[in-house]
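Counting from 1, position 47 in the sequence shown corresponds to residue 50 in this note's numbering; the numbering is continuous, with no gaps.
Heads up, the beta-carbon is just placed ideally off N, CA and C, and yes, glycines get one too.
Being a predicted model, the structure only gives us computed values, none of them experimental.
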Amino acid sequence: MAYLVRLIPKSLYTKNQWFFKKYPFEKKLYKIIRLNKWKDRLPEWGKVWNFEKKNLDKELSLKYVDQFILETKYSEVGHLGMAVAGFACVLVNPVDYVVMALICSIINLLIQIPFCLIQRYNRPRLLRLKSRMEYQNQKLSDTSRELNRSVYKV
4 MAYLVRLIPK SLYTKNQWFF KKYPFEKKLY KIIRLNKWKD RLPEWGKVWN FEKKNLDKEL
64 SLKYVDQFIL ETKYSEVGHL GMAVAGFACV LVNPVDYVVM ALICSIINLL IQIPFCLIQR
124 YNRPRLLRLK SRMEYQNQKL SDTSRELNRS VYKV
């Protein structure tokens, strides 16, 4: 599934902001379940895709933050896909095993949900970081232009 989500065109990840946007109830939910206390304890497979997500890179750049945001979208879609695909075992098993398959599917769903929540928790923070970096870059650019103008006025 992790490979399949990367086959989806990146444009679909950027166009469908309604799916990835932060909803008002989420912040309260994260406080109730204390997500920030346990989110770093779950395994992370970013190394498989050469993108470590446990910590921010020491060399922060807009390109890196954009990639990090995209990786959170890949991860969320991948985990949701695995949660949904888990219910396929209900369809392929004999009728005698439907209850057992349903139990396994529900357990799989419960395992995938925390990983989706972590992506949704981190993405708004990354978007704020990106905005701050863009603002800083804009300020530097404006300052540079002002300096260039003053040099030519002399």
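| Query | Result |
| --- | --- |
| Apart from the five residues on each side of it in sequence, which residues of its chain come closer than 6 Å, Cβ to Cβ, to M136? | L65 |
| Rounded to the nearest angstrom, how far is the Cβ of G89 from that of M4, given a contact under 8 Å? | That belief does not hold up - the Cβ atoms of G89 and M4 are roughly 10 Å apart, past 8 Å. |
| K56 lies in the alpha helix (DSSP H); which residues open and close that run? | Taken as a continuous stretch (DSSP letters only), K56 belongs to no alpha helix (DSSP H), as it is neither H nor E. |
| Taking all protein chains shown into account, decide if F118 is buried (16 or more other Cβ within 10 angstroms of its Cβ) or exposed. | buried |
| On a Cα-Cα basis, can you pick out the residue from K25, N96 and C92 that is closest to T75? | K25 |
| Applying the 10 Å Cβ sphere with the 16-neighbour rule, what's the burial state of F71? | buried |
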